[in-house]
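Report on one structure; see the data block that follows.
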Amino acid sequence: DDMPPPPRKLALALAVGLAFGLPDTSADKGAQARPAVAAPAVWKAGVKNGLASGLAVVCSKSLLQPFDTLKTLQQASSSSGGMVAAASKLVSAHGFLALYRGLGISLFGAVPSMSAYFAVYQSSKALLLSHATFAPPLLLVAVSAAFANTIASTLRVPCELVKQRLQAGVYPSLLAAVTSLNAGGATLWLPRDAWLAQVARDVPFGVAMFITYESLSRSRLGRGGEALADEQPTPAAIGRGGSVRPATVGRGNTGGALRSSMFGMVAGAIATLLTNPMDVLKTRVMTSTSAAGLGGMTSYARSAADIWASEGVLGFSRGATARLLHKIPASGLFWLLYAAFSHALGVSDAPALRRKERK
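First residue of the sequence shown? That's -10 in this note's numbering, and the numbers climb one at a time after it.
Printed below as a string of structure tokens:
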């Protein structure tokens, strides 16, 4: 009876909680009870989080698209050279605006997927932190991030497929890309290997980023930051679109938002370095076509084997510099804008992660 519930209850708690809300299970053995949070109220806050993240991603992606294009060019071919060489060759051949290839389709896919991602992540995390008291808080963060990223990654695949092929020069225009994929049937818009490559990169990236970000935020709380470390979300606060005093915005002052941006940059850098091999594989899979030119996908495992055989371990680091130059400022800018938009919409970043120790 003293053993905690098995880990599989996390999935059950999440599924039931998202649909109906969960009863409070934390009142045993002197534990600090968390107030129950109604699922509709959590989803309302989640929608606001989604809107804030969608607005933030438009700004960050628009400013930093050139680095994403150069990263794709470097990763798509072993003969692309360094970042400066790739940029010079692209601009010389196609002009400066070629650095913004795929921006339109990228925003078209990124805004709804990122909005869904944050809406699901924040809602899932709020429910789990409020009710699944048998699990460590950072584990609940990881479960929420993985769950949300699996959904968002599936939404991203069609637009990512087109974007990366435009960036790599596989298709000369968006119209040509859409025409080619439509000619091959609906399955070419969501190929199995492309989906696997997207999920294999995005889920570890999201888990690494949010664990790092939440850990830094939690560490700040432990050192006496503005937010209340042990304060838990109340149904009334959730109903107003918030949870606790937001550590990222700090009651509306700029210090909290800048701190959020700094934490985001550190988290983005760590997640980027950890997942660069998966990003290289994703690019190779998404920019490859069959010999017959019908848009068939190279298998994920075969791509990994080819890179290992022809380029060695360094092949999996291709594009890392361009990706870091994209992801670090993009993460910082995103979290800064996300904190600002969240505050403007009246929703906090997240419930506090710390729980009072069991007596």
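Don't be surprised by glycine CBs; every beta carbon is placed ideally from N, CA and C.
As the structure is a computational prediction, the values presented were derived from the model and not from experiment.
Which same chain residues, not among the five before or five after P318, have their C-beta less than 7 Å away from its C-beta?
Taking the sequence shown and counting its residues from 1, the one referred to as residue 318 is at position 329. The residues are L53.
Buried or exposed for W297, going by 16 or more other Cβ atoms inside 10 Å?
For the purposes of this step, residue 297 is taken as the residue at position 308 of the sequence shown. Exposed: under 16 other Cβ atoms inside 10 Å.
Judging by CA-CA distance, which residue of A290, W324, R307 is the nearest neighbour of M72?
The sequence position of residue 72 within the sequence shown is 83, counting from 1. Checked all of A290, W324, R307; the closest Cα to M72 is R307.
To the nearest angstrom, report how far apart A309 and A256 are at their CA atoms.
What you label residue 309 is simply residue 320 of the sequence shown in a count that begins at 1. What you label residue 256 is simply residue 267 of the sequence shown in a count that begins at 1. Answer to the nearest angstrom: the Cα atoms are 16 Å apart.
Would you kindly work out how many angstroms separate the C-alpha atoms of K114 and G70, rounded to a whole number?
Here residue 114 is taken as the residue at index 125 of the sequence shown, counted from 1. Here residue 70 is taken as the residue at index 81 of the sequence shown, counted from 1. The alpha-carbon separation between K114 and G70 amounts to approximately 42 Å.
With DSSP run on the structure shown, which of helix, strand or coil describes P147?
As a working note, residue 147 is residue 158 in the sequence shown. Three-state DSSP puts P147 in a helix.
Tell me whether the beta-carbon of V192 lies closer than 9 Å to the beta-carbon of A135.
In the sequence shown, counting from the first residue as 1, residue 192 sits at position 203. In the sequence shown, counting from the first residue as 1, residue 135 sits at position 146. Yes, the Cβ-Cβ distance between V192 and A135 is below 9 Å.
Return the Cβ separation of L350 and Q156 in integer angstroms, given the expectation that the two are a contact with Cβ distance under 8 Å.
In the structure displayed, the chain extends from -10 to 348; residue 350 sits before or after that span and is not available.
With a Cβ-Cβ cutoff of 9 Å, do L177 and L185 count as a contact?
Counted from its first residue, the sequence shown places residue 177 at position 188. Counted from its first residue, the sequence shown places residue 185 at position 196. No, Cβ-Cβ distance for L177 and L185 is not below 9 Å.
What's the gap between the Cα of A236 and the Cα of S249?
Here residue 236 refers to the residue found at position 247 when the sequence shown is read from its first residue. Here residue 249 refers to the residue found at position 260 when the sequence shown is read from its first residue. Low confidence applies here, because A236 scores a pLDDT of 40, under 50, leaving its location unreliable; read the following figure in that light. Rounded to the nearest angstrom, the two C-alpha atoms are 8 Å apart.
Is it buried or exposed for S42, if we count other Cβ within 10 angstroms and need 16 for buried?
As a working mapping, residue 42 is identified with position 53 in the sequence shown. Looking at its Cβ environment, which holds 16 or more other Cβ atoms inside 10 Å, S42 is buried.
Using the C-alpha atoms, what's the distance from V130 back to G84?
Along the sequence shown, read from residue 1 onward, the residue named residue 84 stands at position 95. Along the sequence shown, read from residue 1 onward, the residue named residue 130 stands at position 141. Cα-Cα distance, rounded: 44 Å.
Pick helix, strand or coil for F123, following the three-state DSSP scheme.
Position 134 of the sequence shown, counted from the first residue, corresponds to residue 123. Coil, per DSSP.
If I'm right that C148 touches F97 with Cβ under 8 Å, what's the distance once you round it to whole angstroms?
Numbered from its first residue, the sequence shown carries residue 148 at position 159. Numbered from its first residue, the sequence shown carries residue 97 at position 108. About 6 Å separates the Cβ atoms of C148 and F97, confirming a contact at the 8 Å cut-off.
If G39 and A105 are in contact, beta carbons under 8 Å, what's the gap, nearest whole angstrom?
On the sequence shown, residue 39 is found 50 positions in, with the first residue counted as 1. On the sequence shown, residue 105 is found 116 positions in, with the first residue counted as 1. At roughly 6 Å, the Cβ-Cβ gap stays under 8 Å, so G39 and A105 are in contact.
So, using beta-carbon positions, are Q64 and R273 closer together than 9 Å?
By one-based count along the sequence shown, residue 64 stands at place 75. By one-based count along the sequence shown, residue 273 stands at place 284. A contact, by the Cβ cut-off of 9 Å.
Identify whether S67 lies in helix, strand or coil by the three-state DSSP scheme.
As a first step, residue 67 must be located in the sequence shown, where it is residue number 78. Of the three classes helix, strand and coil, the one that applies to S67 here is coil, per DSSP.
Tell me which residues share the same chain as F199 and place their Cβ nearer than 7 Å to its Cβ, disregarding the 5 neighbours each side in the sequence.
Here residue 199 corresponds to residue number 210 of the sequence shown, with the count starting at 1. Excluding positions up to five away in sequence, the list reads V130, A134.
From L334 to H315, what distance separates their C-alpha atoms?
As a position in the sequence shown, residue 334 is number 345, starting the count at 1. As a position in the sequence shown, residue 315 is number 326, starting the count at 1. Cα to Cα, L334 sits roughly 27 Å from H315.
Taking the continuous alpha helix (DSSP H) assigned at A294, which residues delimit it?
Looking up residue 294 in the sequence shown gives position 305. Run containing A294: 289 to 300, per the alpha helix (DSSP H) assignment.
Write down the C-beta distance between Y327 and A108 rounded to the nearest angstrom, noting that I regard them as a contact closer than 8 Å.
Mapped onto the sequence shown, residue 327 falls at position 338. Mapped onto the sequence shown, residue 108 falls at position 119. 13 Å between Cβ atoms; not a contact.
May I have the straight-line CA-CA distance separating A74 from E300, to the nearest angstrom?
Position 85 of the sequence shown, counted from the first residue, corresponds to residue 74. Position 311 of the sequence shown, counted from the first residue, corresponds to residue 300. About 19 Å.
Under a Cβ-count criterion, where at least 16 other Cβ atoms within 10 Å of its own Cβ denotes burial, should T276 be classed as buried or exposed?
Counted from its first residue, the sequence shown places residue 276 at position 287. Its Cβ being crowded by 16 or more others within 10 Å, T276 is buried.
With a threshold of 6 Å on Cβ separation, who are the neighbours of M254 within its own chain once the five nearest residues in sequence on each side are excluded?
Counting from one through the sequence shown, the residue named residue 254 turns up at place 265. For M254, where only same-chain residues beyond five positions count, the Cβ hits under 6 Å are I317, S320, G321.
Give me the Cα-Cα distance between A311 and Y110, rounded to the nearest whole angstrom.
In the sequence shown, counting from the first residue as 1, residue 311 sits at position 322. In the sequence shown, counting from the first residue as 1, residue 110 sits at position 121. Rounded to the nearest angstrom, the two C-alpha atoms are 28 Å apart.
As a quick exercise: from F305, W324, A82, pick the residue whose alpha carbon is nearest that of D268.
The residue labelled residue 268 in the question sits at position 279 within the sequence shown. Answer by Cα proximity: F305.
Just to confirm before moving on: does the CB-CB distance between T139 and V188 stay below 9 Å?
Within the sequence shown, numbered from 1, the residue matching residue 139 stands at position 150. Within the sequence shown, numbered from 1, the residue matching residue 188 stands at position 199. Contact flag set, yes.
What's the gap between the Cα of L163 and the Cα of L86?
By one-based count along the sequence shown, residue 163 stands at place 174. By one-based count along the sequence shown, residue 86 stands at place 97. Rounded to whole angstroms, L163 to L86 spans 15 Å at the Cα level.
Roughly how far, in whole angstroms, is the beta-carbon of V159 from the beta-carbon of A183, given that I think they are within contact range, below 8 Å?
In the sequence shown, residue 159 corresponds to position 170, counting from 1. In the sequence shown, residue 183 corresponds to position 194, counting from 1. Contact doesn't hold; Cβ gap of about 13 Å is too wide.
Under the three-state reduction of DSSP, which class applies to R104: helix, strand or coil?
In the sequence shown, residue 104 corresponds to position 115, counting from 1. One detail in the question is off: residue 104 reads as Ser in this sequence, not Arg. The answer is helix: DSSP assigns S104 an H, G or I state.
Just to confirm, is the Cβ distance from K50 to R90 under 9 Å?
Position 61 of the sequence shown, counting from 1, holds the residue named residue 50. Position 101 of the sequence shown, counting from 1, holds the residue named residue 90. Going by C-beta atoms, K50 is not nearer than 9 Å to R90.
W324: which of A258, L247, T261, L88 sits nearest, CA to CA?
Along the sequence shown, one-based indexing puts residue 324 at 335. It is L247 whose Cα lies nearest to the Cα of W324.
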